[in-house]
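Numbering (the numbering used here), first residue to last: 154 to 415.
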Ligand code: NAP
């Protein structure tokens, strides 16, 4: 119970890495608000649990969770989401900017619309949420703003020329936020996952290129890919008192894959 009585908002909190974060934060005692993309634009795959399912399962296990639909790239929707958190729980202690999309595309085939959407969701969405959260955290002089970045923020990807720049941008956004809000006792940090099999890459790694998945495993010293719960553990650390003096930091969670030159 390292996060007892905290209020945490997780964007993209119903699937993959976000779901693991929502569930783990609830286990640690936090009230969790699970943000998800409203139905019309949902990229959820058939069979994925809805945000309501995840919240209900957390509550059934004795945790505290609710859901809020909002497209993180929509400033009005983000503002209403933060208002909902404050009206419902009185404060926001931890924001986790996790929502993200990554439509794998060859560089020469990325459309302007794709570029704009990936940037709007991944980078602008993180900015909008972090800014709105900072405004309600500053008067209380406490808060944690966390970002799900990626090792793609350091490396390029031939099928991710729209995605990698958004993650590099998130690292710089995270550092700028750390500088802007540090004097109010608010920290800002980013977790950089390596490859984690979720809906975002299931088609590519499990259907189209299982050899690519094996390649990633083979070059990982720990000989396995990270799981969503590995990312959630790092988020708990950054949100906990143990990380009170850490701000502006990036933490790679990839079992050592990205330090392997072979
Ligand atoms: P995922 O299973 O596809 O989950 C993506 C989440 O983002 C979903 O909950 C989705 O909501 C939400 N989302 C997408 N667009 C949104 C929008 N406009 N507004 C609000 N929510 C939106 O993928 P994941 O792997 O867990 O990805 C989570 C984060 O980890 C992303 O930022 C991703 O870039 C990052 N990451 C993933 C990996 C990896 O290998 N999986 C590696 C490094 C970093 P709905 O369920 O409502 O559609």
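Cβ coordinates follow ideal geometry from the N, Cα and C atoms, glycine included.
For the ligand NAP, is there a heavy atom less than 8 Å away from the beta-carbon of residue i?
i	result
residue 346	yes
residue 368	no
residue 382	no
residue 251	yes
residue 269	no
residue 190	yes
residue 373	no
residue 170	yes
residue 223	yes
residue 351	yes
residue 386	no
residue 165	yes
List the whole-angstrom C-beta distance separating residue i from residue j, where the pair is believed to meet the contact cut-off of C-beta under 8 Å.
i	j	result
residue 175	residue 218	7 Å
residue 250	residue 301	7 Å
residue 373	residue 339	That belief does not hold up - the Cβ atoms of residue 373 and residue 339 are roughly 34 Å apart, past 8 Å.
residue 392	residue 247	5 Å
residue 357	residue 257	5 Å
In three-state DSSP terms, what is residue i?
i	result
residue 413	coil
residue 408	coil
residue 177	helix
residue 350	coil
residue 250	strand
residue 340	strand
residue 290	helix
residue 372	coil
residue 274	helix
residue 194	Caution is warranted here: a pLDDT of 45 is assigned to residue 194, below 50, making its placement in the model unreliable, and no coordinate value can be reported.
residue 170	helix
Hey, could you find the ends of the alpha helix (DSSP H) residue i is sitting in?
i	result
residue 377	Premise fails: residue 377 is in no alpha helix (DSSP H) and is neither H nor E.
residue 228	228-242
residue 204	204-213
Near residue i, what residues of its chain come up, given a Cβ to Cβ distance below 6 Å and the 5 sequence neighbours on each side ignored?
i	result
residue 268	315
residue 401	328, 331
residue 390	396
residue 419	Nothing about residue 419 can be read from this structure; the chain reaches only from 154 to 415.
Could you pull out every residue in the same chain whose Cβ sits closer than 8 Å to the Cβ of residue i, ignoring the five residues on either side in sequence?
i	result
residue 273	226
residue 263	314, 315
residue 173	380, 381, 382, 384, 385
residue 259	311, 312
residue 211	175, 176, 179, 185, 217, 218
Go to residue i, then tell me how far its beta strand (DSSP E) extends in each direction, as first and last residue.
i	result
residue 319	No beta strand (DSSP E) holds residue 319; the alpha helix (DSSP H) holding it covers 316-334.
residue 217	217-222
residue 155	Note, residue 155: premise wrong, no beta strand (DSSP E); not H, not E.
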